[in-house]
Every structure is written in structure tokens, then in C-alpha cells.
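Right, one structure below, let's go through it.
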Amino acid sequence: MDDKTILKFSEPVVIYLTKESSIPEESVLILDFGKQGSFEYKVENYIYLNHDVIELNQRKMGILIPFQLLKFKEIIHKNPTRKNFEKLQRLLENDILKSIEANVKVGNITQEDATQLLELTRQLYKYLYDNYYEIGGCEDMKPLLDGAMELPLDKYRIRIDELEGKLASEKERADKMSVEAERLRKELEELKKNK
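Just so it is clear: in the sequence shown, position 115 is 115 by full-length UniProt numbering, and no numbers are missing.
Have a look at this one:
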């Protein structure tokens, strides 16, 4: 009988959020197992900003989608035009928000992950909006209002919470009325007995 156990690992990557040209295609990691020796382990370097949302979804990297906003940081800084801010707005609405929703639907991320991703996206967007509003060109760019980045599931969840709260309140009221009705019933019985 073979006493070997196989540990399987997913294919790791080192993710870079910058577009530096000096990043090699792969990195070498040294894994040190003490007395058993050290091993060189080659890992792909993934330059995030070189890839689109479709590829990120295919590679199940949906958790990184909010960082797509970083693609526009340099463009907006160099050329803060209305057209570039409109592109940013479309990227946010079409690529990022829809991708997060699609990843929830197919099970790549949980609803809680989606909520955190939406918050991260909101913060990145706010950063871009706040920093580049002063430069000019984004006067027509819409600031994100509370609730602007909710998935449909979030809206249903919020409505369910509201209805559950209302139901609990009505149940409490019904319980009080039931107690009062029982008290009145007993009082009526007493009055009938005393007649």
C-alpha cells in the first residue's frame, strides 16, 4: 500500500495592479521546507490592467473587478475631458456593476462579497471623482448617491428586512390585542355569572 498523500494546489498568480514595463512574465518563489530542502516555484505574473472584465470573469477573478477603475486614473489625470469621464461612467455602470451581479448569479462570489465589492468600487469612484473634480472635465460626472450601487438582490434583501420588521411590529400588536381580548372575554364571563 502506498503511504503517499497528494496535496493539490490551484495555479497561483502574482497580481500587479500597475502597468510597469519592467514586470517579468513570471516570478520565481523559493519554497523552503527545512530539512527536506528548498524548491524553486515559478508563478505567472498577472498584470491586471492589461486585461478586460470578460477575461477576469472567465478566470474567476471577479473579486478584483472594482480595480478596473484604475485603468482610467492615468487617462483622466493626463486628459480630464468630459469624454473620458463619460467612459469612466460607462465602465462603472456596464462593466463593473454588471460583472459583479453576474458573478453573484453564477456563484463565483457570494452576496456578501458583492456588497464589499460594491463598497470598494464606490470608494475608488469617489476617490477619482473627488481628486479630479478640481482639475476640471468631470462637472457632468454624477457623484454616487447612497444606494446607487446596489444590486437587485440588495434591494430585495432591504425590502425583506423592512417587511420582516413590519411583520414583527404587527405581531407584537396582535399579541397585545389577543391578551386584551382574553381579558375582556373573562370579564364578560364574570358579568354573566353574576347576573
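Idealized CB from N, CA, C, for every residue including glycine. All figures in this text were calculated on a predicted structure; none of them were measured in a lab.
A straight line joining the alpha-carbon of L163 with that of Q89 spans about 34 Å.
In its own chain, leaving out the 5 sequence neighbours on each side, no residue places its CB closer than 7 Å to the CB of H51. Using a Cβ distance threshold of 9 Å, L31 and K42 do not count as a contacting pair.
Within the DSSP secondary-structure output, D32 pairs in a beta bridge with S38. Contact check for I109 against L118 fails: the beta carbons are separated by 9 Å or more. Cβ atoms of L49 and K19 come within 8 Å of each other, at about 5 Å. Q68 and L91 do touch by the CB rule: their CB atoms are close to 6 Å apart, below 8 Å. Annotation note: the region 162 to 193 contains no uninterrupted alpha helix (DSSP H) run of length 4 or greater. Taking 8 Å as the upper bound for CB-CB distance, L124 and P66 are in contact here, some 6 Å apart. For I47, the three-state secondary structure derived from DSSP is strand.
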